Amino acid sequence: MNKISFNYSKLLLPGILLAILVVLATLPLYGSNYSIVLLTSIIMYVILTVSWALFSGSTGYISLATAAFFGVGIYTSAILGRTFTASILANEYFVVFIVIIGGLISACLAFIVGAITLRLRGIYFAIFTFGLVELIKNLLLWYEVKFTGTRGRFVVVIGNETIYYVILGILLLLLLVTYFIRRSRYGLALESIGEHEEAAAHIGINVTMVKVIIFAISAVFVGMTGSIMAMRWTYIDPYISFDPNLTFLPVLMAIFGGTRQMYGPIIGAVVFAYLEEILLTRFPYYYMLIFGIVLAATILYLPNGLVGVVQKIIARLAGGKHAHSRG
Amino acid sequence: MWRKAIGYSLPVIICLLLLLIAIPGCQQAATPTAPKTTAPATVATATKPTTPAASPSATAAKPTKDKIIVGMSRPLSGPLSVIGDSAFRPIYETWVPRVNAEGGIYVKEYGKKLPIELKIYDDKSDVGTMTRLTEKLILEDKVDFLWPACGTSFLFAQAPIANKYNYVLITAEGGATSLKDMLPSLPYVFVSLSFSDWYEVPVLADLLAAKGAKTAYIMYIADLHGIEYSGVAGIELPKKGINIVGIKSVPPDIKDLSPIIKEAKALNPDAFLALAYPDQVMPATATSMELDFNPKAWLGGPGVNFGFYHTAFGPAVEGVLGWTTFARKSSPKLAELADILYSGKPEETNDWWGHPLYWAALDMWKAAIEKAGTLNQKAIRDILATEHLETVLGDTWFTIIGGGGGLLAKECHPGEVGQWINGVFEVVGPVDKATAQFVYPKPPWPKK
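Heads up: the sequence lines are chains H and R, in that order.
Under the numbering used here, the residues of the first sequence are numbered 1 to 327, in order.
Under the numbering used here, the residues of the second sequence are numbered 328 to 775, in order.
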């Protein structure tokens, strides 16, 4: 008996995930054209947020380098896109190839940065990573002005559906990787680093190596997303690519959703991005005001994010049941 | 175990529900519960966002069409809002109610005048959001027309989208040589603003050369705008025998300009050009005064062309040059426009460069619809590309580049270079359109 119920519960979560995936994967068949565009944008935020939470959520190291990895992905796409002709780019496999290269270059950057800076703690690490965004932006600006005599670049335009499927693929990959990391010894190592780094080091975890590797892995997905989004934005320059908003928004989204569970950042990003869309289009003149109020209220009243509230409700429901059964 | 399963699955179900809400939500929530901020159809103004509920009727019921819906993605928040709110926004907020007060635009196809209704979204000064909202306006809201986003780099991203869906796009804030280079492949895009080699810098070079200027020093901002203007100046000025003795780029967030001004002063050029934005042009002016750097010609722009430049520096602005389009003396029509736009408002709102060109762009759009007698984009595009139409500038047309999109013909510009003379920003170049004589050398900065 026990075994059967165990199997059921094991199947429920993957089943629901599969259902969501099927809905998302078949959306272009029946959804409106704009639903694809909107979902691409929402998925972008989900990826950035989950990637951020993969490293920062568990270790407590606040990384503000998301925009740097994203921008590196964008520039990879812009530079490679110019190198190859449009006819080659019509081949969707080639788009995937460019996206993978973008992810790998971001990972290399994260690896180097991580190796140098992940010995820094707390606020110093946050400041350094944010400085990285500004550094790369200004370096690129200087390079473009000095050597290419321009500021922005045009990226080869590809169809919205291709972009949607690629970004969906990146999301799937990210969720799988996050799931397995959380359940591997690396996940436990990250947790223990977050709890008490010295203690983790003392029980034999190579803390720096674990941090650097996970930091680099999280950057892969951010870089890949940058590469594919560049093809949607069509025109990019250092200011667009290394926009500090792309650093702060994932952090806010993760806090909004709650960072303790894997699905916290996902829910945070989805709700946040959709809320933003509604406000920008329905209340364009009050967007900032309403958004600010929602954020302030979240921080004040939902310290554990949306998931925290949901869990509280579940706990209350379950607690009620228990009380009842005991009674 | 079940409890655990529920604990896991409930949030996921919520997530799924949210997605399901999102899908029909983005298929336009045309419900009557949408926030009721609609202005009455006949006097729809830009300050009032309209309900999405109005949009499906735009295409669904063509024969009974009762308004023209125009969609815009504008920077209502974020860093670009400062530019957007003072450049194109006051123009459409003045122009649309005036047209609607007359009943709207006559469209022969419907046999009546149709008022204009604006549907405005906030792109929060973010290109990604702007491209998404532009596609929303086209695909989801199916607006009749698209009006432009704000800023040159935004136009780079928006123009290909408008062109892809065959939507006419007459631009406002923004223009660049590089945008001109794209026009052959963008037949639906028409650029209204004048810019570096269209036809400001060549006119400046002529003006300076005629007065015998021999040397120039250029300070430019390290961005699209500065690179472009300094590049064009680097070609046009030497052509007229003006030697560039120094050229320095400055980052957009520079605070102290004194090293640059000191260097320029040491080289003693005849002309000093600050090819940057107000944030750099204002401190460059103040630093020049402080260090008593008073070349025979001092040009800064954009910045000098705004009313707030005069408000900030008062009589010290005498003789300072900037880019411009018109002055009250340019023509009676333009004097009337200045009255419409600036009478009873603080001087800070004045923009002698962009405003008449944006107004003319909207006049062109209206005239093209009336001439076409239809809201068909292709028909309107062809009229914009081929016909001369009457606007606030007089006879106006677009110069077509490489068989594609167009630039507002330079012959239609009422001016290119302006100068503060007796507290008025007059047109001094080109000479045949000047409203005042070019003062060269400029008077010295006032002594403290």
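Note that beta-carbon positions come from the ideal geometry of N, C-alpha and C, so glycine has one too.
Since this is a predicted model, take the numbers as computed values, not measurements.
So S452 (chain R) and P406 (chain R) are supposed to be a Cβ contact under 8 Å. How far apart are they, rounded?
5 Å
DSSP state of L12 (chain H), grouped into three classes?
helix
Beta-carbon neighbours of P487 (chain R), restricted to chain H and to distances below 7 Å:
V157 and T234
Sort out for me which residues DSSP pairs L734 (chain R) with in a bridge.
R:V518 and R:T726
Residues sharing a beta bridge with N570 (chain R), DSSP:
R:T542
For L135 (chain H), would you say it is in contact with chain R, using Cβ-to-Cβ distances shorter than 9 Å as the test?
no
Start-end ranges of the beta strand (DSSP E) lying completely within the region 639-714 of chain R, minimum 3 residues
648-650
M509 (chain R) in three-state terms, based on DSSP:
helix
According to DSSP, is Q311 (chain H) part of a helix, a strand, or is it coil?
helix
Given that a residue counts as buried once 16 or more other Cβ atoms are within 10 Å of its Cβ, and exposed if not, what is L317 (chain H)?
exposed
So, with DSSP's three-state summary, where would you put F633 (chain R)?
strand
Would you report the Cα separation of I123 (chain H) and G103 (chain H), rounded to the nearest angstrom?
27 Å
Compare the C-beta of S192 (chain H) against all C-beta atoms of chain R and say whether one is closer than 9 Å.
no
Mind pulling the chain R residues with CB within less than 7 Å of V145 (chain H)?
A549, I554 and S576
Which runs of the beta strand (DSSP E) fall wholly inside the region 401-481 of chain R and span at least 3 residues, in chain order?
432-434, 439-441 and 443-449
Are the CB atoms of C477 (chain R) and A560 (chain R) nearer to each other than 9 Å?
no
Whose CA, out of H:T26, H:V220 and H:L38, lies closest to the CA of E276 (chain H)?
H:L38
Proximity of A536 (chain R) and I569 (chain R) at Cβ, strictly below 9 Å:
yes
Express the C-alpha separation of I588 (chain R) and F180 (chain H) in angstroms, rounding to a whole number.
60 Å
Where the beta strand (DSSP E) through A115 (chain H) begins and ends:
Looking at the DSSP string, A115 (chain H) is not in any beta strand (DSSP E); the run it does join, the alpha helix (DSSP H), is E92 to T117.
With distances taken between CB atoms, is the gap from W772 (chain R) to M609 (chain R) smaller than 9 Å?
no
Mapping the DSSP letters down to three states, classify R153 (chain H) as helix, strand or coil.
strand
Just the chain H side, please: which residues come within less than 8 Å of F483 (chain R) by C-beta, in chain order?
G152, F154, T234 and Y235
The beta strand (DSSP E) spanning Q746 (chain R) covers which residue range?
V744 to I748
Please list, in chain order, all residues of the same chain as P673 (chain R) whose beta carbon is under 8 Å from its beta carbon, the five residues on each side excluded.
G634 and T638
Compare the C-alpha of L584 (chain R) against each of R:D597, R:L594 and R:A601 and name the closest.
R:A601
Chain H beta carbons: is any one of them nearer than 9 Å to that of L496 (chain R)?
no
On the DSSP bridge assignment, give the partners of I236 (chain H) in chain order.
H:R153
Measure the C-alpha to C-alpha separation of I47 (chain H) and Y263 (chain H) and round it to an integer number of angstroms.
12 Å
Please list, in chain order, all residues of the same chain as V676 (chain R) whose beta carbon is under 8 Å from its beta carbon, the five residues on each side excluded.
A small fix is needed here, since residue 676 (chain R) is Thr in this sequence, not Val. S413, P417, G634, L668 and Y669, listed in sequence order.
At which residues does the alpha helix (DSSP H) containing W52 (chain H) begin and terminate?
N33 to W52
Given L460 (chain R), which residues of its chain have a CB within under 7 Å of its CB, disregarding the five upstream and five downstream residues?
S400, Y448 and D450
Helix or strand or just coil, what does DSSP make of E500 (chain R)?
coil
List, in order along the chain, the chain R residues whose C-beta lies closer than 7 Å to that of G122 (chain H)?
In chain order: nothing, as chain R lies at least about 27 Å away.
Could you give the distance in angstroms between the alpha-carbon of G750 (chain R) and the alpha-carbon of M288 (chain H)?
38 Å
In chain R, which residues lie less than 7 Å from L48 (chain H) when you measure between Cβ atoms?
The contacting residues do not exist; L48 (chain H) stays about 12 Å from chain R at best.
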